[in-house]
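Below is one structure, written out as structure tokens; the observations come after it.
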Amino acid sequence: MNRDDLLDLFRRSGALLEGHFRLTSGLHSPGYLQCALVLQHPEHAEKLGRAIAERTRDLRPTVVLSPALGGVVIGQEVGRALGIRAIFAERQDGALTLRRGFMLAETDRVLIVEDVLTTGGSTRETMQVATAAGGRVVGAATIVDRSGGHAAFGVPFTSLMSVDLPTYEPDRCPLCAQGLPVVKPGSRPVAI
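Position one of the sequence shown corresponds to residue 1 (the numbering used here), numbered consecutively onward.
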């Protein structure tokens, strides 16, 4: 699956949005990729999960760990394609944590999987969760990398597609200066 195929899939799914968006990172952008609209179709989720699995198989992960909510579906599909378990971290009192009886052992080789990466903050936070729980992070992966190639985690990192959509600090956002209303379409509630 190449970049053009992925962009076409996002367009056909109505997942490539244009407007004025506040991203989970707090940054603003004129473009947003809503992976949930692609992943709601089992055949697309399975295909994307297999593609990430093929790029990360050589890391020999024993478990996939994803941040909730956006990473849950793709994490499950990557785990299924690799034949390993898939768990997720979720927010409790504002911090990501393992809940629901999920555990990691010292022998676990953890692959962090997300849907969209902008600054890498959620990936880093999920890596900290894995390490604190005793696991060893061996790699990170995402469907879409919006970081402009700036994501660095100290472990191998792969994405299925890099997209260069501009981002702005809220106090320097030209869309805000134009008075355009900002929308928060992602999964983490943020006051706007």
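C-beta atoms are modelled at their ideal positions from N, C-alpha and C, and glycine is treated no differently.
Does the distance from the CB of residue i to the CB of residue j come in under 7 Å?
{"i": "L6", "j": "M161", "result": "yes"}
{"i": "P61", "j": "V137", "result": "no"}
{"i": "E114", "j": "T142", "result": "yes"}
{"i": "L104", "j": "G75", "result": "no"}
{"i": "F157", "j": "A130", "result": "no"}
Considering Cα atoms alone, identify which of the options is closest to residue i.
{"i": "G26", "options": "P170, V155 and A140", "result": "P170"}
{"i": "G101", "options": "D108, R3 and A89", "result": "A89"}
{"i": "P174", "options": "F21, I112 and S159", "result": "F21"}
Per DSSP, which one or two residues make a beta bridge with residue i?
{"i": "M161", "result": "V144"}
{"i": "T97", "result": "E90"}
{"i": "V72", "result": "Looking at the DSSP assignment, V72 forms no beta bridge with any residue, so it has no partner."}
{"i": "E114", "result": "T142"}
{"i": "P30", "result": "The partner list for P30 (beta bridge, DSSP) is empty, contrary to what the question assumes."}
{"i": "V137", "result": "V110"}
Which same chain residues end up closer than 8 Å to residue i when comparing Cβ atoms and leaving out the 5 residues on each side of it in sequence?
{"i": "A177", "result": "none"}
Excluding the five sequence neighbours on either side, which residues of its own chain have a C-beta within less than 7 Å of the C-beta of residue i, listed in chain order?
{"i": "G148", "result": "D164"}
{"i": "S187", "result": "Only weak support exists for where S187 lies, its pLDDT of 48 falling under 50; the value from the coordinates is given anyway. Same-chain partners within the cutoff: L69 and G70."}
{"i": "R146", "result": "V116, L117, T118, V163 and L165"}
Starting from the C-beta of residue i, find all residues in its chain whose C-beta is less than 6 Å away, skip the five residues before and the five after it, and write them out in chain order.
{"i": "V144", "result": "L33, V116, M161 and V163"}
{"i": "M1", "result": "A51"}
Does the stretch 119 to 137 come close enough to the stretch 66 to 84 that 3 or more CB-CB pairs lie under 8 Å? A contact exists between the stretch 66 to 84 and the stretch 119 to 137.
Segment contact flag, the stretch 42 to 60 with the stretch 80 to 93, C-beta cutoff 8 Å, min 3 pairs: yes
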